[in-house]
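Written out below as structure tokens is the structure these notes cover.
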Amino acid sequence: DTAVSQTPKYLVTQMGNDKSIKCEQNLGHDTMYWYKQDSKKFLKIMFSYNNKELIINETVPNRFSPKSPDKAHLNLHINSLELGDSAVYFCASGSTYEQYFGPGTRLTVT
Amino acid sequence: AQSVTQLGSHVSVSEGALVLLRCNYSSSVPPYLFWYVQYPNQGLQLLLKYTSAATLVKGINGFEAEFKKSETSFHLTKPSAHMSDAAEYFCAVSRPGTYKYIFGTGTRLKVLA
Chain L
1 DTAVSQTPKY
11 LVTQMGNDKS
21 IKCEQNLGHD
31 TMYWYKQDSK
41 KFLKIMFSYN
51 NKELIINETV
61 PNRFSPKSPD
71 KAHLNLHINS
81 LELGDSAVYF
91 CASGSTYEQY
101 FGPGTRLTVT
Chain G
111 AQSVTQLGSH
121 VSVSEGALVL
131 LRCNYSSSVP
141 PYLFWYVQYP
151 NQGLQLLLKY
161 TSAATLVKGI
171 NGFEAEFKKS
181 ETSFHLTKPS
191 AHMSDAAEYF
201 CAVSRPGTYK
211 YIFGTGTRLK
221 VLA
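Residue numbers (our numbering), protein chains in the order written: chain L, 1 to 110; chain G, 111 to 223.
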């Protein structure tokens, strides 16, 4: 019974393309997140939504746009992909005292 | 501003030996503190959390951590390492009542047979 799921698990694309990653949680949480983990395993928060409202928006290029159609879903759309966007992207859901992570989406830009 | 520092990006222990992974935090208010584990090609899994209750926190897989305000530390320990403990471990801090979590740079634990 998956708690936080992401699709796709792997994404290989060329520079300049536009791609989306989808995330769904069935834990009933009000808050969802997107994190980026680089090749050195450094984990950085990108965005957070609470009840479909954007509450955290870190220094992220405008090419990244999150969308939350409802509390259980948070998608990430990336325009004009660049080589530096290659990373693992994690979705998470939770509250002020805990988070649960999805399995990650490994994005490779060639 | 809040931050966490994990001392030692790589730690090796023998199977059956004590595991000690270090985490120090900086926070202007009493923080919430967390340890997560990441196995290869997987997401992060919550091991344990401190949310201002008991200072000694027990988690899954035999891990525990102690919140020490005077030392601004939240070190993770396990009495006896198992091969299956080999993974990346992350310490994280958040400000109570907020949704932003700050993660440390991680410590890779290697368990030697």
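All residues carry an ideal CB built from backbone N, CA and C; glycine is no exception.
This structure is a prediction, so every number in the text was calculated from the model and none was measured.
DSSP beta-bridge partners for residue i?
i      : result
Y227/G : Not covered by the structure: residue 227/G. The range shown for chain G is 111 to 223.
A87/L  : L107/L
S65/L  : H77/L
T7/L   : K22/L
T13/L  : V109/L
Does residue i have its Cβ less than 8 angstroms from a Cβ in chain G?
i      : result
I56/L  : yes
K41/L  : yes
G102/L : yes
I21/L  : no
F64/L  : no
One question on the structure: do residue i and residue j come within less than 8 angstroms of each other, judged by their Cβ atoms?
i      : j      : result
E176/G : T165/G : yes
D30/L  : N57/L  : no
Y100/L : A87/L  : no
S65/L  : Y209/G : no
F42/L  : G153/G : no
S20/L  : H73/L  : no
E157/G : Y146/G : The sequence given here places Leu at residue 157/G; Glu does not occur at that position. The answer is yes: Cβ separation under 8 angstroms.
V109/L : T13/L  : yes
M15/L  : L107/L : no
R63/L  : N79/L  : yes
F173/G : L186/G : yes
T96/L  : S204/G : yes
Q155/G : E198/G : no
S5/L   : M32/L  : no
Y142/G : K159/G : yes
A191/G : V139/G : no
With 8 angstroms set as the bound, which would you pick, yes or no: does the beta-carbon of residue i sit closer than that to a beta-carbon of chain L?
i      : result
L186/G : no
Y199/G : no
F213/G : yes
T182/G : no
* Evaluate the contact criterion for the segment 205 to 220 of chain G versus the segment 116 to 130 of chain G: three or more CB pairs, one atom per stretch, below 8 angstroms. => The segment 205 to 220 of chain G is in contact with the segment 116 to 130 of chain G.
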